[in-house]
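Residue numbers (this note's numbering): 369 to 541. C-beta atoms are modelled at their ideal positions from N, C-alpha and C, and glycine is treated no differently. Since this is a predicted model, take the numbers as computed values, not measurements. Note sheet for the following structure.
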């Protein structure tokens, strides 16, 4: 995985946009979705936003990245999103990594790695595969602690709900 060395000004901008992605992830969590948010930026202007809607939409493709990229493509009138940056709270999965390559995203900035399904360097790196027609610059770890806490809090609460449900359903002996 390659992490680029950006200027202090770019690092500040990265944090601003990542905070917006974190806010979108909080909206997803409020709806009972895995808290992932995404913001697509072109020329320092937000052209697309997204949050996970997989559960509510009964659609496994309704990841935050898909929503942000669809909006961005509509906004600029082209599926090729060259010179854009996608900010996402969690490292993209293989499905989303494929979308990023096909849409020609210029740069990916993500918060926390996904050790189970990450396709931007943690498990595999589809975004910089030498045999693909497009490679994407990657910056990882932006506001990583904030992104990780949001996700771990969600999954911890999910486990507690499951325990409580099992306890209620367990017959009294």
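Straight-line Cα distance separating residue j from residue i
{"i": "residue 429", "j": "residue 456", "result": "16 Å"}
{"i": "residue 534", "j": "residue 400", "result": "19 Å"}
{"i": "residue 419", "j": "residue 536", "result": "32 Å"}
{"i": "residue 417", "j": "residue 538", "result": "43 Å"}
{"i": "residue 397", "j": "residue 522", "result": "7 Å"}
{"i": "residue 500", "j": "residue 390", "result": "30 Å"}
{"i": "residue 374", "j": "residue 427", "result": "36 Å"}
{"i": "residue 484", "j": "residue 377", "result": "32 Å"}
{"i": "residue 411", "j": "residue 505", "result": "16 Å"}
{"i": "residue 486", "j": "residue 445", "result": "29 Å"}
{"i": "residue 421", "j": "residue 461", "result": "15 Å"}
{"i": "residue 512", "j": "residue 431", "result": "19 Å"}
Buried or exposed by the 16-neighbour rule on C-beta atoms within 10 Å, applied to residue i
{"i": "residue 476", "result": "buried"}
{"i": "residue 524", "result": "exposed"}
{"i": "residue 402", "result": "buried"}
{"i": "residue 498", "result": "exposed"}
{"i": "residue 371", "result": "Residue placement at residue 371 cannot be trusted, given a pLDDT of 49 that sits under 50; what the coordinates show is reported in the next sentence. Exposed, by the Cβ-count rule."}
{"i": "residue 548", "result": "Given a span of 369 to 541 for the chain in the structure shown, any question on residue 548 remains unanswerable."}
{"i": "residue 527", "result": "exposed"}
{"i": "residue 409", "result": "buried"}
{"i": "residue 532", "result": "exposed"}
Chain-order list of residues whose beta-carbon lies under 7 Å from that of residue i (same chain, five-residue window excluded)
{"i": "residue 458", "result": "404, 478, 479, 480, 482, 515 and 519"}
{"i": "residue 393", "result": "403, 404, 405, 419, 457 and 518"}
{"i": "residue 395", "result": "419"}
Same chain, Cβ closer than 8 Å to residue i, neighbours up to 5 away in sequence not counted
{"i": "residue 413", "result": "none"}
Own chain, CB closer than 6 Å to residue i, minus 5 neighbours either side, in chain order
{"i": "residue 441", "result": "447"}
{"i": "residue 469", "result": "500 and 502"}
For residue j and residue i, believed in contact at Cβ under 8 Å, the rounded distance
{"i": "residue 474", "j": "residue 453", "result": "6 Å"}
{"i": "residue 423", "j": "residue 443", "result": "That belief does not hold up - the Cβ atoms of residue 423 and residue 443 are roughly 27 Å apart, past 8 Å."}
{"i": "residue 433", "j": "residue 406", "result": "5 Å"}
{"i": "residue 502", "j": "residue 529", "result": "Actually they do not touch by this definition, with Cβ atoms about 41 Å apart."}
Neighbour flag for residue i against chain D, beta carbons, 8 Å
{"i": "residue 417", "result": "The displayed structure is made up of one protein chain only, and chain D is not part of it."}
The segment 459 to 466 touching the segment 492 to 504, judged by at least three CB pairs closer than 8 Å: yes
The segment 372 to 387 in contact with the segment 421 to 439 per 3-pair CB rule at 8 Å: no
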